[in-house]
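A.B. asks: Submitted below is the structure of interest, expressed as structure tokens.
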Amino acid sequence: MKAAITGTGLSDLGRNTGRPAMAHLAQAARRALAAAGLDRNDIDGICTYPGKTDGSPGQSPLGTGEVRAALGLQTRWHCAVPDGPSQMAPIMVAAMAVLTGQARHVLCFRALTESSSQSAGRRASIPGAGSARIGGWLSWLVPNNAMSASNWAGWMATRYCHEFGLTREHLGMVAVGQRAFALQNPAAVMRKPLGMDEYLAARMISSPLCLFDCDVPIDGASVIIVSAPDAARDRTRAPLWIEAMGAALRGPETWDQRADLTTMGAHDAAADMWLRTDFKPADLDVLALYDGFSIFVPLWLEAVGLCGHGEAKDLIAAGAIGPGGRYPVNTGGGQLSAGRLHGFGLIHEACIQLWGEGGNRQVDGARLAACGTGGGFIAGSMLLLRD
Amino acid sequence: MKRFAEKDCAITGVGMSEVSRGSAKSALELTVDACLEAIADAGLKRGEIDGIATWPGERADGSGFSPVGSAALQDALRLEVNWYAGGGEAPGQYGAVFNAIGAIAAGLCRHVLVFRTMYEATARKTAFANALIRAGERQAGPFAWYAPYHTYAAALQQALFFNLYVHKSGIRPEQVGQIAINQRRNAGLNPRAIYRTAITIEDYLASPVIATPLRLYDCDVPIDGAAAIVVSRLDGARDLRNPPIRIEAIGSSMEYRNSWTQLDALDTQAQPRVAEMMWSRTQLTTADVDIAQLYDGFSFHTLNWLENFGFCERYGAKDFIEGGKRIALDGELPVNTGGGALSAGRLHAYGAVHEACTQLWGKAGARQVAGDPKVCATSTAGGPLAGCMLLVRG
Amino acid sequence: MTDVRPPPRALPVVDKDSRTFWTSGRDGILAIHRCKQCAYYVHPPVPFCPRCESREVAPEAVSGRGTVVTFTVNHKQWVPGLPVPYVLALVAIAEQDDVRLVTNITDCDPGEVGFGMAVEVWFEPVEELWVPLFRPVRGS
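Chains as they are written, first to last, in numbering that gives the first Met the number 0: chain Z, 0 to 386; chain Y, 0 to 393; chain X, 0 to 139.
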């Protein structure tokens with residue numbers, strides 16, 4: 000018995016929109032309900048990641064309670080999962096809720112206003128900013144000015160490049176390829192062509208990662224509706240079955256102590272996902288792989304099993320993941336070019352492809368998608384299958 | 000009858016660290032103590048734990064409210080898991096148990112370690128002199144609406160709701176006091192309890208008023224400590240060390256406004272519909288319940304739950320507890336048999352689950368309820384938070 | 000142009016387990032939790048040995064030597080006044096290669112830092128804490 004995604008919606012994404020988070024969320028929710036052919040009264044569960052937080056400006060301004068109140072939902076079940084298998088966790092727990100009979104249609108959401116918030120004078124995502132002393136896992140990172148995820152991804156990238164010969168040009172191909180997809184996506188925020196020369200000339204953030212290796216903070220919201228098996232049919236669109244999920248974590252839940260710095264939690268999660276299905280990596284038509292930083296894409300390609308350890312650069316160099324490739328990745332432009340919706344935007348695009356609604360960027364006959372979210376130690380993965 | 004997922008899950012082991020008013024151990028070490036004890040109690044090895052769930056997840060703010068999350072615990076024990084979840088936006092403290100049930104139902108896990116750690120005794124002596132507000136810090140979230148009005152502690156906020164309950168029910172202080180008196184009597188028989196000296200109704204009435212109508216003895220006791228339970232798939236629980244304690248039914252709904260100011264029924268808070276959901280998922284009734292471990296962050300919550308579960312009618316708790324006989328260890332419904340959070344210490348509903356299992360396994364020593372209890376109702380609460388479970392041995 | 004003073008380091012909350020790590024630099028010592036039974040080093044510190052399950056785990060002085068496992072050169076100024084570029088690294092202690100310390104590599108040009116580089120600890124006092132930092136081992 001499997002849960003299904005029955006509808007998705009995005010708000011009008013933008014940089015520094017000045018629109019409140021709830022306006023984005025309401026627009027995305029209306030679109031997702033329309034896509035599913037549901038009324039808001041049909042929604043009886045609500046879920047998000049990570050839940051309302053104040054730490055980093057605009058990163059998660061809305062919690063389940065206020066969204067529920069603002070949309071006038073009458074839910075029987077709610078959950079937010081900050082400590083879980085990455086940004087995909089709410090979709091996973093929503094699947095559990097509908098499979099355990101606690102809900103029939105769960106509205107999963109992710110809203111961010113990082114662009115407006117950071118423009119308003121507060122700085123980028125600096126963990127612990129504003130509090131006197133840093134606690135928890137960050138206490139081992141921040142005292143050494145390991146301020147940002149770009150630093151943590153930076154040290155992983157340095158090690159990976161050293162061991163396997165991946166170069167800045169390979170990372171550039173990821174960024175340039177995703178920009179080419181974004182040019183075909185009217186919803187993407189970065190729609191100016193990007194060439195390799197411009198990529199290589201960009202300012203360095205944390206070596207070897209430059210500006211174009213980092214995703215783009217935006218204002219926006221994404222809503223994904225997860226439905227019970229018996230409630231998923233006879234909707235407006237074909238149900239996209241959650242064929243398998245993987246959330247395993249075999250190593251320590253930290254950025255600094257993982258035994259092999261050239262793998263991530265992604266490898267554990269994806270391996271567990273493949274144990275739960277008869278499909279194989281070669282069956283995949285389209286992929287949504289987390290690209291908070293470009294370096295995550297080659298690591299996810301290996302985690303998902305499309306190539307061996309250290310071989311992702313060959314797949315990238317052969318053009319396999321860009322427009323027209325055998326395994327197109329992040330066909331809407333990804334977070335690098337369409338904007339950072341923290342995994343939800345990538346899953347939204349996978350659904351659009353499976354429904355055949357990708358317009359100029361549509362992958363012919365797409366039926367099976369792999370979605371992977373999370374970088375560093377946290378990861379979740381799932382297979383989506385169109386009926 | 001429809002098959003509900005929780006019925007395929009059971010509690011197979013429990014553990015508790017030392018519980019104190021100020022520990023020489025770190026919060027993480029206390030968590031390790033509780034978790035290792037729970038794993039061993041279930042007759043399992045570390046390597047057999049394949050899931051982790053906690054509520055509300057790590058809050059590294061020095062408040063001691065939840066200093067340890069799934070990450071720190073997983074790394075300390077080097078667990079290799081298929082599923083992990085921690086988060087506060089859930090049906091109260093039992094949200095972690097409900098997530099464990101979901102993970103088991105989804106086929107991701109066989110044995111999920113659920114834990115709750117509190118370090119509030121130490122925190123109160125340092126940065127957080129009171130529960131909610133730190134001087135000079137702006138308040139965000141639901142308590143932003145209370146902060147400017149000197150609402151320094153949950154006790155004040157909850158006193159607002161309690162006062163309405165007193166007004167509507169007509170309960171008298173001598174009746175309310177039976178909750179604290181009963182629990183202190185039970186704590187006297189529990190070697191791990193914090194406060195073990197019996198109190199009388201005179202002591203109760205003489206205890207300081209925190210905020211009318213709430214007295215000191217109506218409030219739970221901040222402690223340093225951790226509790227853990229192992230939730231297992233029932234088919235994997237049968238041949239373990241303890242007889243499985245089945246999760247017969249859960250209440251996890253939220254069919255009301257999720258708000259600390261705009262709740263529909265202030266005096267009964269969020270709970271009635273939650274209990275209704277639980278009873279709708281079982282053929283058992285209140286008559287089948289042998290013991291109850293009812294949330295007691297404040298004594299008033301326990302009154303709410305006696306009514307919400309239907310052990311007595313709405314506003315009938317005052318008569319139900321009159322004289323304290325019915326809720327005593329030898330009464331018709333023994334309540335909070337280990338002393339509860341009021342006397343044994345605030346482990347935020349996980350102390351209650353620990354005590355429930357201890358009683359159902361017949362391991363409660365001097366405070367063991369006679370007659371081989373098999374069925375326990377247990378609950379959590381606080382403002383819009385609420386969850387409940389019916390636990391059945393065998 | 001107004002001068003912006005370098006910001007102080009962000010500092011960790013210390014607890015009973017981590018206090019020695021963050022303060023033993025006062026005596027010039029880098030201290031890592033170690034199991035008394037099987038000699039395994041446990042980091043981040045917790046009094047439980049994941050290898051042999053012993054609870055006898057306590058801080059012990061190590062040599063202060065280590066090697067660079069990986070690094071990144073940070074160029075972005077995250078907070079006003081922060082001097083850039085600086086090297087952020089993971090250093091494995093000489094005694095046990097699965098104990099990694101997040102640190103900055105100091106006393107050298109960022110371009111000099113490489114994989115496997117031998118480094119040694121020194122300490123920067125900030126408030127009551129002593130933050131362990133590493134610099135290249137010079138000479139023979």
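Think of the CB as a built atom: it goes at the ideal place given N, C-alpha and C, for glycine as much as any other residue. Remember, it's a predicted structure, so these values are computed and weren't measured experimentally.
Below 8 Å on C-beta distance, what does L260/Z contact in chain X?
C.D. replies: The count along the first sequence starts at 1 and reaches residue 260/Z at position 261. Within chain X, the residues near L260/Z are V68, T69 and L89.
A.B. asks: For A9/X, go through chain Z and note every residue whose CB falls closer than 7 Å to its CB, in chain order.
C.D. replies: The residue you call residue 9/X lines up with position 10 of the third sequence. Per Cβ cutoff of 7 Å: G127, I133, V141 and P142.
A.B. asks: Is the beta carbon of L10/X sitting closer than 9 Å to the one on L128/X?
C.D. replies: For this step, residue 10/X is matched to residue 11 along the third sequence. For this step, residue 128/X is matched to residue 129 along the third sequence. L10/X is a Cβ neighbour of L128/X, given a cutoff of 9 Å.
A.B. asks: Run through chain X and tell me which residues come within less than 7 Å of I204/Z, C-beta to C-beta.
C.D. replies: Translated into the one-based positions of the first sequence, residue 204/Z becomes position 205. Those are H74 and K75, listed as they occur along chain X.
A.B. asks: Closest to V222/Z by C-alpha separation, out of H161/Z, S85/Z, L345/Z and Q352/Z, would be which residue?
C.D. replies: Residue mapping note: residue 222/Z aligns to position 223 of the first sequence, counting from 1. Comparing Cα-Cα distances from V222/Z to each of H161/Z, S85/Z, L345/Z and Q352/Z, the minimum goes to L345/Z.
A.B. asks: Any residues in the region 80-97 of chain Z with a beta carbon nearer than 9 Å to a beta carbon of chain Y? Which ones, in chain order?
C.D. replies: V80, P81, D82, G83, P84, A88, M91, V92, A94, M95 and A96
A.B. asks: Please confirm if M276/Y has its CB atom under 9 Å from at least one CB of chain Z.
C.D. replies: For the purposes of this step, residue 276/Y is taken as the residue at position 277 of the second sequence. M276/Y counts as touching chain Z.
A.B. asks: Mark A139/Y as exposed unless 16 or more other C-beta atoms lie within 10 angstroms of its C-beta, in which case mark it buried.
C.D. replies: Position 140 of the second sequence, counted from the first residue, corresponds to residue 139/Y. Here A139/Y is exposed: its Cβ has fewer than 16 other Cβ atoms, across all protein chains shown, within 10 Å.
A.B. asks: Which one of V90/X, R64/X, S17/X and P84/X has the shortest CA to CA distance from A258/Z?
C.D. replies: Locating residue 258/Z in the first sequence gives position 259, where the first residue counts as 1. Among V90/X, R64/X, S17/X and P84/X, the Cα nearest to that of A258/Z belongs to V90/X.
A.B. asks: For A369/Z versus P280/Z, is the C-beta distance shorter than 9 Å?
C.D. replies: Taking the first sequence and counting its residues from 1, the one referred to as residue 369/Z is at position 370. Taking the first sequence and counting its residues from 1, the one referred to as residue 280/Z is at position 281. Contact flag set, yes.
A.B. asks: Would you mind telling me which residues of chain Y sit closer than 7 Å to D96/X, beta carbon to beta carbon, in chain order?
C.D. replies: In the third sequence, residue 96/X corresponds to position 97, counting from 1. Ordered by position in chain Y, no residue passes the 7 Å Cβ test against D96/X, which lies about 16 Å from the chain.
A.B. asks: Among L87/X, R8/X, C34/X and V112/X, whose alpha-carbon lies nearest the alpha-carbon of E59/X?
C.D. replies: Counted from its first residue, the third sequence places residue 59/X at position 60. C34/X is the residue among L87/X, R8/X, C34/X and V112/X whose C-alpha sits nearest the C-alpha of E59/X.
A.B. asks: With burial defined as no fewer than 16 other Cβ atoms inside 10 Å of the residue's Cβ, what is the status of Y148/Y: buried or exposed?
C.D. replies: Start at 1 with the first residue of the second sequence, and residue 148/Y comes out as number 149. Exposed, because fewer than 16 other Cβ atoms sit within 10 Å of the Cβ of Y148/Y.
A.B. asks: Return the chain-ordered ranges of every beta strand (DSSP E) run that is complete within the region 12-94 of chain Y and spans a minimum of 3 residues.
C.D. replies: 50-53 and 82-85
A.B. asks: What does a CB cutoff of less than 6 Å around V56/X pick up in its chain, not counting 5 residues either side in sequence?
C.D. replies: Residue mapping note: residue 56/X aligns to position 57 of the third sequence, counting from 1. If we look at V56/X and ignore the five residues flanking it on each side, its Cβ neighbours are H32, C34, V41, P46 and C48.
A.B. asks: Which residues in the same chain as L328/Y place their Cβ atom closer than 7 Å to its Cβ, once the five residues preceding and following it in sequence are excluded?
C.D. replies: Translated into the one-based positions of the second sequence, residue 328/Y becomes position 329. These residues qualify, in order along the chain: N185, T336, R366 and V368.
A.B. asks: Evaluate the contact criterion for the region 251-270 of chain Y versus the region 293-305 of chain Y: three or more CB pairs, one atom per stretch, below 8 Å.
C.D. replies: yes
A.B. asks: Name the DSSP bridge partner or partners of R64/X?
C.D. replies: Position 65 of the third sequence holds residue 64/X. Note: R64/X sits in a beta bridge opposite E119/X.
A.B. asks: Using alpha carbons as the reference points, say which of Y83/Y, L163/Y and A26/Y lies closest to S62/Y.
C.D. replies: Taking the second sequence and counting its residues from 1, one reaches residue 62/Y at position 63. Out of Y83/Y, L163/Y and A26/Y, A26/Y has the C-alpha closest to the C-alpha of S62/Y.
A.B. asks: Within 9 Å of any Cβ in chain Y, is that where the Cβ of A148/Z sits?
C.D. replies: Taking the first sequence and counting its residues from 1, the one referred to as residue 148/Z is at position 149. Not a single CB atom of chain Y sits nearer than 9 Å to the CB of A148/Z.
A.B. asks: So is M76/Z in contact with chain Y if we call contact Cβ pairs under 9 Å?
C.D. replies: Position 77 of the first sequence, counting from 1, holds the residue named residue 76/Z. Going by the sequence as given, residue 76/Z is Trp instead of Met. Yes, its Cβ sits closer than 9 Å to a Cβ of chain Y.
A.B. asks: Tell me the start and end of each unbroken beta strand (DSSP E) in the region 129-211 of chain Y that is at least 3 residues and wholly inside, in chain order.
C.D. replies: 208-210
A.B. asks: Pull up the distance between the alpha-carbon of K15/X and that of I204/Z, whole angstroms please.
C.D. replies: If you number the third sequence from 1, residue 15/X lands on position 16. If you number the first sequence from 1, residue 204/Z lands on position 205. Taking the straight line from one Cα to the other gives about 36 Å.
A.B. asks: Might you give, ordered along the chain, the residues of its own chain that have their beta carbon closer than 8 Å to the beta carbon of R345/Y, omitting 5 neighbours on each side?
C.D. replies: The residue labelled residue 345/Y in the question sits at position 346 within the second sequence. These residues qualify, in order along the chain: M117, E119, D219, V220, P221, I222 and G296.
A.B. asks: Taking Cβ-Cβ distances below 9 Å as the criterion, which residues of the region 226-254 of chain Z are in contact with chain Y?
C.D. replies: M244, G245, A246, A247, L248, R249, G250, P251, E252 and T253
A.B. asks: Helix, strand or coil: which one does DSSP assign to N103/X?
C.D. replies: Translated into the one-based positions of the third sequence, residue 103/X becomes position 104. Reduced to three states, the DSSP call for N103/X is strand.
A.B. asks: Ignore the nearest five residues each way along the sequence and tell me which others in Q390/Z's own chain have a CB closer than 7 Å to its CB.
C.D. replies: Absent from the model: residue 390/Z. The displayed extent of chain Z is 0 to 386, so no value can be given.
A.B. asks: With DSSP collapsed to three states, give me the class of T71/X.
C.D. replies: Mapped onto the third sequence, residue 71/X falls at position 72. Strand, per DSSP.
A.B. asks: Thinking C-alpha only, which one of C37/X, P43/X, S23/X and G65/X is nearest L137/Z?
C.D. replies: Here the question's residue 137/Z lines up with position 138 in the first sequence. The residue with the shortest Cα to Cα distance from L137/Z is P43/X.
A.B. asks: Does the separation of the CB atoms of P212/Y and N162/Y fall below 9 Å?
C.D. replies: Residue mapping note: residue 212/Y aligns to position 213 of the second sequence, counting from 1. Residue mapping note: residue 162/Y aligns to position 163 of the second sequence, counting from 1. Their beta carbons are under 9 Å apart, which means P212/Y touches N162/Y by this criterion.
A.B. asks: Is there a C-beta anywhere in chain Y that falls below 9 Å from the one on P58/X?
C.D. replies: Translated into positions along the third sequence, residue 58/X becomes position 59. Not an interface residue.
A.B. asks: Return the residues of the region 156-184 of chain Z that lie within a Cβ-Cβ distance of less than 8 Å from chain X, sorted by chain order.
C.D. replies: A156, T157, R158 and H161
A.B. asks: In this structure, how does DSSP classify I351/Z when only helix, strand and coil are distinguished?
C.D. replies: The count along the first sequence starts at 1 and reaches residue 351/Z at position 352. Helix.
A.B. asks: Report the three-state DSSP secondary structure of G364/Z (helix, strand or coil).
C.D. replies: Walking along the first sequence from the start, residue 364/Z turns up at place 365. Coil.
A.B. asks: Between the region 98-118 of chain Y and the region 227-238 of chain Y, are three or more C-beta pairs nearer than 8 Å?
C.D. replies: yes
A.B. asks: Among A270/Z, I241/Z, L208/Z and A265/Z, which one has its Cα closest to the Cα of T71/X?
C.D. replies: As a first step, residue 71/X must be located in the third sequence, where it is residue number 72. Comparing Cα positions, the closest option is L208/Z.
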